[in-house]
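**Q** One structure, pasted below without further comment.
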Amino acid sequence: MIRASVIGASGYVGQELIRLLHNHPEVEIGSITSTSSIGKRYDKFYGNYFGIMEKPFEEQDIEKIADESDVVFLALPHGVASHMITDEILKKTKIIDMGADYRLKDVAIYEEWYQTEHLSPELIKKSIYGLCEIKKDNIKKYNLIANPGCYTTCSILTLAPLMKEAAFDSDSIVIDAKSGITGAGRSVDVSTHYTECNESIKAYKVAAHRHTPEIEEQLGNIAGKQIRLIFTPHLTPMNRGILATCYIKMKEKMDEESIRKLYLDYYRDSEFVRILNEGNLPETRWVKGSNYCDIGLKLDKRTNTLIAIGAIDNLMKGAAGQGVQNMNILFGFNENAGLSDIPIFPV
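Each residue of the sequence shown is one higher than the last, beginning at 815 in the working numbering.
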């Protein structure tokens, strides 16, 4: 049994972490924090915890929490973790950062895209990008895990098997992605009010979304070369889910059955990646509330383009679920511990 704490437990990702950790067979929940609700009981903040979780929010004392925890999840806005984490903290506990501060290996790229100074650049090289299906063998060697972003998780998993294959033109990638409203967080913002986003879909941060360099860096690492791609995110009127439709040109002939076999082989040891059968394509409703990533494939022979589509729950595989999966790997638990729930339908 380990003790896990959550700093920033009042947001959607923090709440999802609490739900997963509470049901985890190997975890005792330690400290939970919120800078705006210190002393308030968790079940008074989230009604779904009535009679289940009476623990109050504590002050955000990272030194004290690190001393008392085997692992600490940071569910904080970008820029906060880099101010908080030190070598001394990492000697005391393991950190899983749900934010962006340690995802990009080039601090200059981070500062350019996030428009803020990185306050602990020396720790970037001591962290690992925690995309479990790609980095599983190395994750347990690190005490600082950079949990991937939601769009990036879905996009990278959907494209990764193609990156070393000569049949595909990795310079032609276009990603069209749709996200639910929870991806914008719980803070009040007019753009996420019901009347502003219901019955409407909009593209946002076109050619400027911060997950772009993250996707490029990780796909480039797999391909062994620099990748430049087009990534366009959209906000859709649903609570949870991401659907990433990825387009990549073919340089050599390859039939759809062979491409599907390539994916099945690549993910043969990845329980949470489901490669759909011919004729089936992913839908966000079939992964909701789960840690699965569903991937479907369609070869457009007319334009010589592979269309690869991925679907995840942005709060689960795109955030808290993957965070717990990283924790399971770190501590040698079964990778599916606390994560084996069947997707919820209907919702």
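Yeah, the Cβ is synthetic: ideal placement off N, Cα and C, and Gly gets one too.
Would G944 and N961 be called neighbours here (beta carbons separated by less than 8 Å)?
**A** A contact, by the Cβ cut-off of 8 Å.
**Q** For Y1080, count the other beta carbons within 10 Å of its own beta carbon; 16 or more makes it buried, fewer makes it exposed. Which is it?
**A** buried
**Q** Is the separation between the beta-carbon of P1096 and that of D1114 shorter than 8 Å?
**A** no
**Q** Quick test of the definition: if touching needs 3 or more C-beta pairs under 8 Å, does the stretch 1119-1130 touch the stretch 1055-1062?
**A** Because the criterion of three Cβ pairs below 8 Å is met, the stretch 1119-1130 and the stretch 1055-1062 touch.
**Q** Return the chain-ordered list of same chain residues with a C-beta closer than 8 Å to the C-beta of A981, the five sequence neighbours on each side being excluded.
**A** Exclusion of the five residues before and after A981 leaves M1064, K1065, E1066, K1067 and M1068 as the residues of its chain whose Cβ lies within less than 8 Å of its Cβ.
**Q** If we require 4 or more residues per run, which alpha helix (DSSP H) segments fall completely within the stretch 1070-1151?
**A** 1070-1080 and 1135-1144
**Q** So, using beta-carbon positions, are F864 and V820 closer together than 8 Å?
**A** no
**Q** If you run the structure through DSSP and keep just helix, strand and coil, what is F871?
**A** Note: F871 maps to coil in three-state DSSP.
**Q** Given that a residue counts as buried once 16 or more other Cβ atoms are within 10 Å of its Cβ, and exposed if not, what is Q1040?
**A** Classified as exposed, Q1040 has fewer than 16 neighbouring CB atoms from the shown chains inside 10 Å of its CB.
**Q** Mark Q929 as exposed unless 16 or more other C-beta atoms lie within 10 angstroms of its C-beta, in which case mark it buried.
**A** exposed
**Q** Just to confirm, is the Cβ distance from L937 to Y916 under 8 Å?
**A** yes
**Q** Note down the Cα distance separating P1051 from I1156, rounded to an integer number of angstroms.
**A** 23 Å
**Q** Just to confirm, is the Cβ distance from N837 to G1152 under 8 Å?
**A** yes
**Q** Find out if the Cβ-Cβ distance for the pair I959, I948 is shorter than 8 Å.
**A** no
**Q** Counting Cβ pairs closer than 8 Å, one from the stretch 816-835 and one from the stretch 878-885, do we hit at least three?
**A** yes
**Q** Would you mind sorting L890 into buried or exposed? The rule is 16 or more other CB atoms within 10 Å of its CB.
**A** Flag for L890 reads buried.
**Q** Count the other CB atoms, across all protein chains shown, that sit within 10 Å of the CB of P1047; report buried if there are 16 or more and exposed otherwise.
**A** buried
**Q** Buried or exposed: N1140, going by 16 or more other Cβ atoms within 10 Å of its Cβ?
**A** Taking all protein chains in view, the Cβ of N1140 is crowded by 16 or more other Cβ atoms within 10 Å, so the residue is classified as buried.
**Q** Which of helix, strand or coil does DSSP assign to H1025?
**A** helix
**Q** Compare the beta carbon distance of E1031 and K919 with 8 Å and say whether it is the shorter of the two.
**A** Using a Cβ distance threshold of 8 Å, E1031 and K919 count as a contacting pair.
**Q** With burial defined as no fewer than 16 other Cβ atoms inside 10 Å of the residue's Cβ, what is the status of E830: buried or exposed?
**A** buried
**Q** Can the beta-carbon of V827 be found less than 8 Å from the beta-carbon of L835?
**A** Not a contact, by the Cβ cut-off of 8 Å.
**Q** How close, in whole Å, do the beta carbons of K978 and I1036 come, if the pair is a contact with beta carbons under 8 Å?
**A** 7 Å
**Q** Can you tell me the Cα-Cα spacing of L1033 and L1043, whole angstroms?
**A** 10 Å
**Q** Report yes if the CB atom of S845 is closer than 8 Å to the CB atom of S824, and no otherwise.
**A** no
**Q** Where does V820 fall in DSSP's three states?
**A** strand
**Q** Can you check which of these residues, E868, N862, I843 and G861, is closest to G853 by C-alpha distance?
**A** E868
**Q** Rounded to the nearest angstrom, how far is the Cβ of Q1136 from that of C946, given a contact under 8 Å?
**A** So it is a contact: roughly 6 Å between Cβ atoms.
**Q** From P975, Y860, Y1061 and L904, pick the residue whose C-alpha is nearest to that of E877; which is it?
**A** Comparing Cα positions, the closest option is L904.
**Q** Quick check: the Cα distance between T1117 and D985, rounded to an integer number of angstroms?
**A** 16 Å
**Q** Quick one: Cα of G913 to Cα of A895, how far?
**A** 8 Å
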